[in-house]
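Take a look at the structure set out below.
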Amino acid sequence: MKRPTMYLLLLLVVAAMAVLGGCASLGVEVWERDVLAKSEMQLDNAAVDRALDDHIYFSKEGSSGGRGFGGGGCGCN
Amino acid sequence: MQLGAHRPIRTAVTAFTATLLGSGTVAASGSGKIDSSLLIYSESGRVKVAEGVLDLSRNLSERRSVGLRLTLDALTGASPNGATPSNHIQTFTGPSGGSSYVVNPGKTPLDDTFSDQRVALDGSLRESLNRITFLTVGGHLSWEHDYSSFGVNSGITREFDRRNTTLGVSAAYTHDIVRPIGGAPDPLTSMPPPSTTGEGEDDGGEAGPGEGKDVFDVVAGVNQILGRNTIARLDYSLSRSSGYLNDPYKILSVVQDQNSAAPGEPSDYVYERRPDTRNKQALFGELRRYIAGSTLDLSYRYFWDDWGITSHTADFFLRLPVRGDHALEPHFRWYRQSEADFYNAYLVGGQAAPNYASADTRLAAFDAVTYGLKYSLPVDAGSRLSVSAEYYKQLGERGPPDAFGVLRQYNLFPGLDVFMVRIGFSHEL
Amino acid sequence: MSSSPQGGYAVRNAGAHWAITYAAMASPCEILVHCDNASEADEMASLVYVETMRIERKFSRYRDDNIVHAINHSDGAAVPVDEETSRLLRYAGQCYELSDGRFDITSGILRHAWTFDGGVVTPDDALIEALRARLGWQRIEFDGAAVRLPRGMEIDLGGVGKEYAADRVAALLAKTAAAAVLVNFGGDIRATGSGDGRRGWKIGIEEPGRENVAVGQIEIAEGGVATSGDSRRFCVVDGVRLGHILDPRTGRPVAGAPRSATVIADTCTAAGFLATMAMLHGPDAEAFLDAQEVVYHCMR
Amino acid sequence: MLLFSVPSWVTRGHLRFLIFTLVTLAAASLSPRAATTPGAIAVLDSLTGDSTIVRGNVVYVDFWASWCVPCRRSFPWMMELLSKYQDQGLQIVTINLDRDRAAARKFLDDTHASLPIVYDPAGKLAKLYDLQVMPTSFVYGRDGTLRSRQEGFNPEETGSLESLVRSLLKEKPTK
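Sequence lines, in order, name chains A, B, C and D.
Just so we're aligned: the first sequence equals residues 12 to 88 in our numbering.
Just so we're aligned: the second sequence equals residues 187 to 615 in our numbering.
Just so we're aligned: the third sequence equals residues 1124 to 1423 in our numbering.
Just so we're aligned: the fourth sequence equals residues 73 to 247 in our numbering.
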């Protein structure tokens, strides 16, 4: 368990660095968020549904969790 | 711009009255949201649950918002107790020790003494430290008659690269107290036979002082806008549980060995025993894309822990617009998990007792699928109603390859068929 | 502002539409809606009736159980206000600024110095001066959450309330029904929902003093109409007829004002303010309205 | 995170990862703001096609889009500002960044807005002004120089913005 964990962590760190390193092709300008500002494009737009799901699967399956925070959005304010 | 002696004030009057009347969407600036949901969950022949959620969020100022969520649920029905089916009538002692229940030959033993209500309260406060940095702190409380939980959490997110990238970390600590009915049984000891139970409490029936469990979670993740229509995220989470991790109501059948008169028939029932720590990790990836009015969401989770369970979860949501502002949302989920190292469908009498053993099917290897369909529609300005139906099914192995005797006759994985209906209502304040 | 004590509303079919009528805010209230059947009309009627009564109860100066009473009897103490009251007070403050002090919700106390029953009066200059010392919006402390009136001052939202109620009721109906709506609160009118190419509402303008005789007609699809001026409420000072519109800056009725000014604007509230402003401009009423580029009708 | 002591089970790898994340978060907060663009007013000038709007006046330039919630809230305030100060020489030019012109029109209907609008669906001006937040507004003095860059719209900050406009209006017009 220990080894693969380290590799996965490394992978995540590398991915984060690649993003931060300014992959200029990724992403859009703040005024190009018309679609991303839509409520259905918010990653946490069905928070109550997902919470109910998590509760169901938590009580019926051996694994749980994993989902983090929201983000993206309209780039406003 | 001066016309004659009189100043034109009409523009200003229009603006002032628009503000006064809250016309247009000037007032709909998102001061908060109410989300409510009612779930009816029904396993065929087993547990039924009704669960209601009321979620309120409100912006206190430009920089601060609070959220409060109340969850109520009520559960009734029978649950597999972990024992194997037999050719004979089986009698089990109920959790309180003062009752017993009988299982007919060939049937999966179900404990039908379950009935529980749960109340949970979650609160959170979100504050922007500046335009791109957000701090969240929260708390959690929940009560059941044999289980209570409280927790605190905190997280920070920050946006980068013209707000295309969001990085965040959060941590949570939860302390649970289990007060099993009749006290926490001694692991891997025999279930007291029903015949010995008299009017008073037997030795296992005393309510114990409660067993504790601590959970520490950390999540780190990145959200990335990939294009004008696409957003993705990747989260890594780590969870460490320690303390009382057994399910006090789960037992294992100790069956007679292959050379006995009745191979595979239970000779005893013992309480399960799990390790007292568990380290879980997960990687979760999600991609959401807007395609000509529809929204596609794909996600995948890889989970592994030091109990030997690994799992794969793939979720697929497609939101299809229907005329007006209605939407139809098919959902498909596929899940596969491997069994825990100490999962045993049963123990064999006369063999050396393992350190840990559980016949809880949640720790067995199985596949599961969910099919769902949701329909949502606007009902008023800022309000939406949704109705959804989902079907969830677990499919597992009939039994281990070395099953013998009567154990080969029966499906040792009880399986699960669930039908769920949900009604949701959300309203922007 | 007072309503018939027994209250209640009436709903009747009036050809192409349904008419909801009741009395509120000292005026006959009539609401015309396009809808399919009586039960739908009745549902809308109870909705608008409740809302109208709510606004009247909340902002009437003649009650002792509402926020206006609490503010007027606060004896110099700050009074916390709810969000709706806050919006109205903010609007009143903006009107004060915009009108250079002509439009002032604290000027109601001047009624003690004037009687507009058509009779000849001799102004009591000492009383007028004493009252003028007790008014002026700029002396009120208002931060959006609480308002503090100096002792002896009063506010009166009567000059805003009826128009506000008409707009609110129209907005309420527009939210629940897509059909066209015409709200008429004693001549303060708001129309919504017929901007979809449908013909507008025809509204007659009465000659002052001769009710039910239309001397003009206007057609609106979407927007508000309001009239300021009341031909029956005037007094005669030194042989000059003065209407009931008082200028808080002088404490006296505005001389040379039209007998009435009717203005069409985006909302009833905006129309009401512009109409009152026109009256406050006296002989310049028409010139003022010309500069606003609005459709209007002044009677002299 | 720092609210908790580190339990023994946290491996060095976990710690390294967390420290990396925290250090990255901290480092990014220290990076300097991008400089504002010089000369953009000239572009605006040529786009509006009316140099009298710009020259000698205090010009408030606002970038907005229909889908941006704070933009909606800024419109009544801008209209109020204009009505108060236009006779003293304030001009407001709004730059709309919607791809969908119909969405922009609906926004203007909803807010009863009557402000001059430059349509920039391709975001050329937005690029030139290096926008980082929606909405963003720029205030130019009577001499045509940029005096303020306002990111986002916060009703709590409108007071200081109004006093800035007032003080700029008091400056002497230059030819």
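Glycine is no exception: its CB is placed at the ideal position from the N, C-alpha and C atoms.
Given the structure is predicted, the values throughout are model-derived calculations rather than measurements.
Exercise for the section: Show which residues of chain B have a CB atom less than 8 Å away from the CB atom of glycine 224 of chain D. Expected result: Arg317
Exercise for the section: Verify whether the separation of the beta carbon atoms of arginine 214 of chain D and glutamate 243 of chain D is less than 8 Å. Expected result: yes
Handout entry: Identified DSSP bridge partners for cysteine 1218 of chain C
Key = DSSP, once it has assigned bridges, lists no residue as partnering cysteine 1218 of chain C.
Handout entry: 8 Å Cβ cutoff, threonine 322 of chain B in contact with chain D
Key = no
Practice task
Measuring alpha carbon to alpha carbon, tell me which of B:Asn316, B:Gly413, B:Ser335 and B:Asn432 ends up nearest aspartate 372 of chain B.
Solution key: B:Asn432
Exercise for the section: For aspartate 159 of chain D, count neighbouring Cβ atoms within 10 angstroms of its own Cβ and tell me buried if that reaches 16, exposed if not. Expected result: exposed
Exercise for the section: Check each candidate in C:Ala1161, C:Ser1150, C:Pro1151 and C:Cys1152 and name the one with the smallest Cα separation from tryptophan 1141 of chain C. Expected result: C:Ala1161
Practice task
Return the bridge partner residues of arginine 1135 of chain C from the DSSP annotation.
Solution key: C:Ala1142
Exercise for the section: At 7 Å on the CB atoms, spell out the chain D contacts of arginine 348 of chain B, in chain order. Expected result: Gln204
Handout entry: Contacts of threonine 208 of chain D in chain B (Cβ-Cβ under 9 Å)
Key = Within 9 Å Cβ-Cβ: nothing; threonine 208 of chain D doesn't reach chain B, min ~11 Å.
Practice task
Quick one: using the 10 Å Cβ neighbour count with 16 as the cut-off for buried, is leucine 254 of chain B buried or exposed?
Solution key: exposed
Problem - Supposed close pair serine 1222 of chain C, methionine 1400 of chain C - CB separation, criterion 8 Å - result: 6 Å
Exercise for the section: Give the interface partners of threonine 481 of chain B over in chain D, defined as CB-CB distance under 7 Å, in chain order. Expected result: Going along chain D, no residue has its Cβ under 7 Å from threonine 481 of chain B, so there is no contact; the nearest lies around 15 Å.
Practice task
Taking the CB atoms as reference points, tell me whether phenylalanine 135 of chain D and threonine 208 of chain D lie closer together than 8 Å.
Solution key: yes
Problem - Assigned secondary structure, valine 233 of chain B (DSSP; H/G/I helix, E/B strand, else coil) - result: coil
Practice task
Classify cysteine 1391 of chain C as helix, strand or coil using the three-state DSSP reduction.
Solution key: helix
Practice task
Determine, using beta carbons only, whether threonine 183 of chain D comes closer than 8 Å to chain B.
Solution key: yes
Problem - Helix, strand or coil at glutamine 1261 of chain C [DSSP, three-state] - result: helix
Practice task
Locate the beta strand (DSSP E) running through threonine 208 of chain D, then write down its first and last residues.
Solution key: 208 to 212
Handout entry: Residues near tyrosine 227 of chain B in its chain [Cβ-Cβ closer than 6 Å; skip 5 each side]
Key = Val235 and Met606
Practice task
Determine the DSSP secondary structure at arginine 255 of chain B, reduced to helix, strand or coil.
Solution key: strand
Handout entry: C-beta contact flag for serine 427 of chain B and valine 401 of chain B at 8 Å
Key = yes
Problem - Minimum Cβ-Cβ distance from isoleucine 195 of chain B to chain C less than 8 Å - result: yes
Handout entry: Validate contact between the region 267 to 275 of chain B and the region 286 to 300 of chain B using beta carbons, cut 8 Å, 3 pairs
Key = yes
Practice task
Spatial neighbours of serine 334 of chain B within its chain, please: CB distance less than 6 Å, with the 5 preceding and 5 following residues excluded, ordered by chain position.
Solution key: Ile363
Practice task
Determine, using beta carbons only, whether glutamate 248 of chain B and asparagine 226 of chain D come nearer to each other than 8 Å.
Solution key: yes
Problem - Own chain partners of aspartate 1370 of chain C with C-beta closer than 7 Å, once the 5 adjacent residues on each side are dropped - result: Arg1225, Val1377 and Leu1403
Exercise for the section: Please work out which residues of its chain come closer than 7 Å, Cβ to Cβ, to glycine 1320 of chain C, disregarding the five sequence neighbours upstream and downstream, and give them in chain order. Expected result: Annotation note: pLDDT 48 at glycine 1320 of chain C (below 50); position unreliable, coordinate value reported separately. Nothing meets the Cβ criterion.
Problem - Supposed close pair histidine 361 of chain B, glycine 324 of chain B - CB separation, criterion 8 Å - result: Between glycine 324 of chain B and histidine 361 of chain B the Cβ distance is about 15 Å, and since that is not below 8 Å, they are no contact.
Practice task
Decide if serine 146 of chain D is buried, meaning its Cβ has at least 16 other Cβ atoms within 10 Å, or exposed.
Solution key: buried
Handout entry: N- and C-terminal bounds of the beta strand (DSSP E) containing glycine 341 of chain B
Key = 333 to 346
Problem - Beta-carbon proximity of isoleucine 1312 of chain C to valine 1304 of chain C, cut-off 8 Å - result: no
Handout entry: Rounded straight-line distance, which links the Cα of aspartate 1266 of chain C to that of valine 68 of chain D
Key = Residue 68 of chain D cannot be examined here, being either before or after the span of chain D that is shown, 73 to 247.
Practice task
Return yes when the Cβ of glycine 1374 of chain C is within less than 8 Å of the Cβ of glycine 1405 of chain C, no when it is not.
Solution key: no
Practice task
Would you check whether the ligand MG has a heavy atom nearer than 7 Å to the C-beta of leucine 63 of chain A?
Solution key: Although the ligand MG was asked about, the structure shown includes no ligands whatsoever.
Practice task
Work out the CA separation of arginine 127 of chain D and lysine 1298 of chain C for me, nearest whole Å.
Solution key: 45 Å
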